[in-house]
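The structure appears right after this line, and notes come after that.
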Amino acid sequence: MNASNNNSTLWLCLHFPHLPLQVFTRGLNPADAIKPVVILERRRVIALNQAAFDTGIRHNNNMDTAYSISHEVISFDKDSDKELTTLTNLAQWAYQFSPAVTIRAPDVLLIDIGGSLKLFNGLKALMASIESGINDLGYTSISAINTTPMAALLSARNNAATNSDHQTADNTGAVLPSIEMTPVAYLQADKAIITALQQMGIDTVRDLFKLPMSSINRRFGIYFTDYLQRLIGTQPDPQKTIDQAPHFFSDITFMADVTNTNALIFPIKRLLDELNAFLTARQLHINQLSWKLSHRHHPPKHISIYLASPEHNIKALLQLTQLKLEQVKDVQEIDTLSLTVNTFFPADTVSGDLFQSAGYQPHLDPIKGSSKRRQRQASANALLNLLSTRLGPDACFGLSMADDHRPEKSWLRLKPNQINDDTQHKTVESLPMQLAQDNHRPLFLLTPPRALQRVNDAPYLNGTLELLQGPERIDFGWWDRPTSGEVITRDYYVAAHTERGALYWVFHYGEHGKWYLHGIFS
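So, in structure tokens, the structure goes:
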């Protein structure tokens, strides 16, 4: 059988053979890295680090034997769910290199890098970036490249067994020559088929493909021959890629229980660095993140941080996290720290606005004006973040205009992370200057309105108030007074204090009704 050429695709397989161990040991402090660690399944060692190997512990030792060899050994039970979660997170991380990333549980990622070579200046530079990133995350992988996903996977498993570096197939030629010396033991097939092939004296892929495909089909079935055809590219092999919607999750497991939250600063920095790389690669901002402090014997503690505006400032996130940790008093022990982000926003790539939000002003440099406004907004957001984190998310709020003519109903209270959402709310800052000037209503209203004295038919507040503008008649419907069913009418005026010059917003009911102070301009 001849393999067809397919120059448009090039598949990278990342095999993580040490994933059961590294989901627990990555991100360790140097002092913890020298401790012997083993992973157990059914009380037998299935994975171990170099320190455990140096003590004499070996694969398939039972738990009692491992502890008899070293009393300092640290053991974890194999956690398949944690491994799958980690593999999913690695797939999200790999999305920065290609939009076509496939998860092959329990320990493999397949990435179509054919369309990424030019973007990353060639295969060598691309592989250097991928390998460096994986090492920075605390994992090790065995990689292989070929023109079909199954051939790349086969090569990676062979490389893992032989401890060889990644190999690159000649993507301008046939697939078979690049895998023909691979043992059949690494084919993605049932063990019964592998055993039968070996008993027939077929040890390599080259030996297998010397047989007629019809004979293989009769003996081993259509599913195996279908796999072989996909392996060498004579049959399409579409892969189910990950969801493009971003999601970030990362965690660190501690070798010993942490009892002081100050000891969390180093792993927090580690997780924030990973988040930073994720946001940078995908050009995203966030407006909230969640920490989880877990222990196997206690309920988890959740810490959420909300930002006034989507941003990407890792130093600020570290500062806010430290403030939150200072407020945590009821956590006794911690063995796992995790960071989760589910909501993302595209990074703002606009360098400056041509027109100011308050109207075009020709005497100002639009770019400088925009830059200054952004700096002021960033400073205001930083202050809001600090206050909200220290005092609680409900301690700070903003104001927004509402579509209602009644003063009490004409504004909304916003959470800090809603203040800059112009698509949902018209905030006070986003109103055009002319509208602000024409709307003779103050932003600060008294709830409820304050009754004033009436002197010579004029309102009195520690001095006479002079009516400057008005009246503005505002009708309140019967639903505002459901018991009486009458329509309420107020006449509003802008008034100035004759002595202090302060500006107020006052009203009265009817021609000779009582005066009330409802708002303050200045």
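Per UniProt numbering, numbering through the sequence shown is continuous, rising by one, with the last residue being 522. Ideal Cβ placement from N, Cα and C applies to all residues, glycine included.
May I ask you to list the residues that DSSP assigns as paired with residue i?
{"i": "E408", "result": "DSSP output for E408 lists no bridge partner at all."}
{"i": "T489", "result": "D475"}
{"i": "P459", "result": "R454"}
{"i": "L12", "result": "I111 and I145"}
{"i": "T86", "result": "The partner list for T86 (beta bridge, DSSP) is empty, contrary to what the question assumes."}
{"i": "A496", "result": "E466 and L503"}
{"i": "I69", "result": "Beta-bridge pairing links I69 to no other residue."}
{"i": "L176", "result": "None; L176 has no bridge partner."}
{"i": "F249", "result": "T340"}
{"i": "L445", "result": "G519"}
{"i": "residue 524", "result": "Residue 524 falls outside the range modelled here, since the chain spans only 1 to 522, and no answer is possible."}
{"i": "P106", "result": "In the DSSP output, where bridge partners are listed per residue, P106 has none listed."}
{"i": "F120", "result": "Bridge partners of F120: none, in fact."}
{"i": "Y509", "result": "R490"}
{"i": "D77", "result": "L40"}
{"i": "V101", "result": "I111"}
{"i": "F345", "result": "H285"}
{"i": "S290", "result": "S304 and T340"}
{"i": "I334", "result": "V258"}
Please state whether the Cβ-Cβ distance between residue i and residue j is less than 8 angstroms.
{"i": "W93", "j": "F220", "result": "no"}
{"i": "Y492", "j": "F507", "result": "yes"}
{"i": "I268", "j": "L293", "result": "no"}
{"i": "L443", "j": "Y504", "result": "no"}
{"i": "L90", "j": "A105", "result": "no"}
{"i": "I148", "j": "V184", "result": "The question names Ile, but residue 148 is Thr in the sequence shown. Not closer than 8 angstroms, so no."}
{"i": "L414", "j": "V341", "result": "no"}
{"i": "I69", "j": "T55", "result": "yes"}
{"i": "V45", "j": "A31", "result": "no"}
{"i": "L337", "j": "I252", "result": "yes"}
{"i": "L468", "j": "P459", "result": "no"}
{"i": "S250", "j": "L339", "result": "yes"}
{"i": "T204", "j": "M181", "result": "yes"}
{"i": "G463", "j": "H518", "result": "no"}
{"i": "L271", "j": "L317", "result": "no"}
{"i": "P36", "j": "E72", "result": "yes"}
{"i": "F97", "j": "I145", "result": "no"}
{"i": "D257", "j": "H295", "result": "yes"}
{"i": "L384", "j": "C396", "result": "yes"}
So, under 8 angstroms CB-CB, residue i and residue j are touching, yes? Tell me the CB distance rounded to an integer number of Å.
{"i": "F344", "j": "L284", "result": "4 angstroms"}
{"i": "M150", "j": "Y227", "result": "7 angstroms"}
{"i": "L21", "j": "N62", "result": "The Cβ separation is near 18 angstroms, so there is no contact."}
{"i": "T241", "j": "V101", "result": "6 angstroms"}
{"i": "I39", "j": "A47", "result": "4 angstroms"}
{"i": "W515", "j": "R441", "result": "Actually they are not in contact, since the Cβ atoms of W515 and R441 sit about 17 angstroms apart, beyond 8 angstroms."}
{"i": "Q332", "j": "H298", "result": "7 angstroms"}
{"i": "A160", "j": "I142", "result": "4 angstroms"}
Please report whether the beta-carbon of residue i lies at a distance below 8 angstroms from any beta-carbon of chain E.
{"i": "T447", "result": "No chain E appears in this structure, which consists of one protein chain only."}
I'd like the ranges of any beta strand (DSSP E) spanning at least 3 consecutive residues and lying wholly in the segment 35 to 67. 37 to 41 and 44 to 48
Runs of beta strand (DSSP E) lying entirely within the segment 292 to 316, each at least 3 residues, in chain order: 298 to 311
Does the segment 381 to 396 come close enough to the segment 304 to 321 to have 3 or more Cβ pairs within less than 8 angstroms? yes
With three or more C-beta pairs closer than 8 angstroms as the rule, is the segment 106 to 116 touching the segment 12 to 25? yes
Across the segment 443 to 460 and the segment 397 to 410, are there enough close Cβ pairs to call them in contact, namely three or more that are closer than 8 angstroms? yes
Within 8 angstroms, do at least three Cβ pairs link the segment 236 to 247 to the segment 114 to 134? no
Does the segment 153 to 163 touch the segment 14 to 32, meaning 3 or more C-beta pairs lie closer than 8 angstroms? yes
With a threshold of 8 angstroms, are at least 3 pairs of Cβ atoms found where one atom belongs to the segment 23 to 40 and the other to the segment 129 to 140? yes
Would you be able to state if there are at least three C-beta pairs under 8 angstroms between the segment 72 to 80 and the segment 257 to 273? no
Runs of alpha helix (DSSP H) lying entirely within the segment 198 to 280, each at least 4 residues, in chain order: 205 to 209, 213 to 220 and 222 to 232
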